[in-house]
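Note sheet for the following structure.
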Amino acid sequence: MYDPHTLSEADLLALEAQYCSHGDTVHYMDKPRIFTGCEGSYMYDAAGQAYLDLQMWYSAVNFGYRNPRLNAAAHRQLDTLPQVASQYLHREKIELAALIARDMEAKFGEKGRVHFNVGGAQAVEDSLKLVRNASNGKSLMFAFEGGYHGRTLGASAITSSYRYRRRFGHFGDRAQFIEFPYHFRGPKGVSKEEYGHECVKKFKRLFETEYNGVLDVKTGQCEYAAFYIEPIQGTGGYVVPPMNFFTELKDVLDQHGVLMVVDEIQMGVYRTGKLWAIEHFGVTPDILVFGKAITNGLNPLSGLWAKEALINPGIFPPGSTHSTFNANPMGTSVALETLRMVSEEDYGAKVARKGAYFLEALKDLQKRWPQIGDVDGLGLALRCEICQEDGFTPNKELLDDMEAEGLKGGIEIDGQTYGLILDVGGYYKNVITLAPSLEITESEIDLAIKLIDALLRRCVNR
């Protein structure tokens, strides 16, 4: 037997290489990094070096690592009711569901109910059950090119990337993927709004005749049950659509009885300056799926809200879906504290202000580096597209190099050394998807810009 506390980092990596599955995402990088601590916007290695984190666990830790208020809520629950089987009730589940449902009714004018699960993909699976149940078993969905909804079998079927499905057999219920208005790589000479309108027109054309393959024009029945959307594409590269896009799309869906399911797993909980990102776009979802930041990453919890007609006990009775750890008291207690916390401060204004400051700094950086082809964002969901020197051709190799160099650390800024944690996304895997802590300071934003600049100087043309 060995004492794990005496193992060196090299020993740990040797054990990991031999005994840990490589089926997760750790080994996207050749040399995975081991972290030993975290605080606020930073992760720390065993040597105590600080790594500024600009992706915050894929936007799960919106309120900073070891947030004192949310950690205290977790400790209180741990000392009172940390565990209870999911067939029983506890106060936190009920209060959290009521808080979310009442907020949705106030914002969208629709009564509904909340169902909890553990991970985002599991909540997507639950939403697929709701949709199929409400549509008499229709199993076909629309989703977007560039969209990402998880890696379970059902979620993979509505995620556009074939690589997540390739090894796992034929997906007969694979979604039909529709063009998303990715303006930077769209047709030239049209505005963002015009491009969004054209994308809706292309989609609307599918319903014109029976030979477009989605509608029985004699009965008016559509073969597709729902359209799964992300208000801002996450893994697809934090692509922000034009403000007219979803209202026009929803009109088409409502005409043909197709449900809109909004995936807020990455963009929810004030990432964009609203509790739910879809609030920016003037449409009412039929189902909304959430997760990640609702507990600040402290304890897995996800869930969905659905309109009453889709989820009432008469249509979705007991046992329709189940997870051992759904609505767990540790998760629901922290989520409840999260929503109380954001109600006591104007996070909308704070995130808008910090996002504007960060975006302006990125634009200034773009002026100095032709390799930055595009910057854009909404709130603190920001994108920085890395290209060849022409400012357009995708440059995945450069960004991969920058990501790896950031994790090596040793970047000297104002007399101190740092590392930088970046997340890579986009259709061509050439986009820095920036999801910093919502508590990030302006001085930390300034540091982020200096670190990205240093990585570009270190990696360009070497």
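Numbering (our numbering), first residue to last: 1019 to 1480. Where a beta carbon is used, it is the ideal one built from N, C-alpha and C, also for glycine.
* To do: With a 10 Å radius around its C-beta and 16 neighbouring C-beta atoms as the bar for buried, classify residue 1392 as buried or exposed.
  => Residue 1392 should be labelled buried.
* Could you check where the alpha helix (DSSP H) with residue 1121 kicks off and where it finishes? -> 1109-1126 is the extent of the alpha helix (DSSP H) around residue 1121.
* Please determine, among 1368, 1426, 1371 and 1445, the residue with the shortest C-alpha to C-alpha distance to residue 1414. => The residue with the shortest Cα to Cα distance from residue 1414 is 1445.
* Asked: Got a sec, what are the start and stop residues for the beta strand (DSSP E) residue 1439 sits in?
  -> 1434-1439 is the extent of the beta strand (DSSP E) around residue 1439.
* Asked: Where residue 1094 and residue 1104 are concerned, what is the direct C-alpha to C-alpha distance, given to the nearest angstrom?
  -> Approximately 20 Å between the Cα atoms of the pair.
* To do: Less than 8 Å between the CB atoms is what I'm expecting for residue 1349 and residue 1314, so what's the real figure, rounded?
  => Actually they are not in contact, since the Cβ atoms of residue 1349 and residue 1314 sit about 11 Å apart, beyond 8 Å.
* At what residues does the alpha helix (DSSP H) containing residue 1075 begin and finish? -> Here the alpha helix (DSSP H) through residue 1075 covers 1074-1077.
* For residue 1451, the three-state DSSP class (helix, strand or coil) -> DSSP places residue 1451 in strand when its eight states are reduced to three.
* **Beta carbon of residue 1402 nearer than 8 Å to that of residue 1478** => Result no, Cβ atoms of residue 1402 and residue 1478 do not sit closer than 8 Å.
* According to the Cβ coordinates, are residue 1439 and residue 1073 closer than 8 Å? -> Result yes, Cβ atoms of residue 1439 and residue 1073 sit closer than 8 Å.
* With which residues is residue 1320 paired in a DSSP beta bridge? -> Listed as beta-bridge partners of residue 1320 by DSSP are 1135.
* **residue 1404 - containing alpha helix (DSSP H), residue span** => Note, residue 1404: premise wrong, no alpha helix (DSSP H); beta strand (DSSP E) at 1399-1404.
* Is residue 1369 helix, strand or coil by DSSP? -> Looking at residue 1369 - three-state DSSP - the assignment turns out to be helix.
* Asked: Anyone know if the C-beta pair for residue 1083 and residue 1057 falls short of 8 Å?
  -> Annotated as proximal: residue 1083 and residue 1057, with beta-carbon spacing under 8 Å.
* Asked: In terms of residues, what are the limits of the beta strand (DSSP E) holding residue 1391?
  -> Note, residue 1391: beta strand (DSSP E), 1390-1396.
* To do: Identify whether residue 1019 lies in helix, strand or coil by the three-state DSSP scheme.
  => Legend: pLDDT at residue 1019 = 43, less than 50; position of this residue unreliable, no value from coordinates given.
* For residue 1389, the nearest candidate out of 1223, 1268 and 1408 (CA to CA) -> The residue with the shortest Cα to Cα distance from residue 1389 is 1408.
* In whole angstroms, what separates the C-alpha of residue 1189 from that of residue 1233? -> The alpha-carbon atoms of residue 1189 and residue 1233 are separated by roughly 22 Å.
* Asked: Which residue or residues does DSSP assign as beta-bridge partners of residue 1196?
  -> 1162.
* Straight-line Cα distance separating residue 1098 from residue 1192 -> C-alpha separation (whole angstroms): 45 Å.
* Hey, residue 1307 and residue 1244 are a contact pair by Cβ (cut 8 Å); roughly how many whole angstroms apart? -> Between residue 1244 and residue 1307 the Cβ distance is about 11 Å, and since that is not below 8 Å, they are no contact.
* Asked: So, are the CB atoms of residue 1322 and residue 1441 less than 8 Å apart?
  -> With contacts defined as CB atoms closer than 8 Å, residue 1322 and residue 1441 fail to qualify as a contacting pair.
* Asked: Counting only runs that start and end within the segment 1203-1252, where is the alpha helix (DSSP H) found for 4 or more residues in a row?
  -> Counting only runs of 4 or more, we get 1210-1223.
* residue 1102 lies in the beta strand (DSSP E); which residues open and close that run? -> DSSP places residue 1102 in no beta strand (DSSP E); its state is neither H nor E.
* Asked: Quick one: what does DSSP say residue 1287 is sitting in, helix, strand or coil?
  -> Residue state, collapsed to three classes: coil.
* Beta-carbon contacts of residue 1019 that lie in its chain and below 8 Å, excluding the five residues immediately before and after -> Interpretation of residue 1019 is limited by its pLDDT of 43, a score under 50 that renders its predicted location unreliable; no figure is taken from the coordinates.
* Residue interval of the beta strand (DSSP E) (run including residue 1472) -> Per DSSP, residue 1472 lies in no beta strand (DSSP E) segment; the continuous alpha helix (DSSP H) that holds it begins and ends at 1460-1477.
* Return helix, strand or coil for residue 1068, following the three-state DSSP convention. => Of the three classes helix, strand and coil, the one that applies to residue 1068 here is strand, per DSSP.
* Asked: Where does residue 1038 land, buried or exposed, given buried means 16+ other C-beta within 10 angstroms?
  -> A residue is called buried when at least 16 other Cβ atoms come within 10 angstroms of its Cβ; residue 1038 does not meet this threshold and is exposed.
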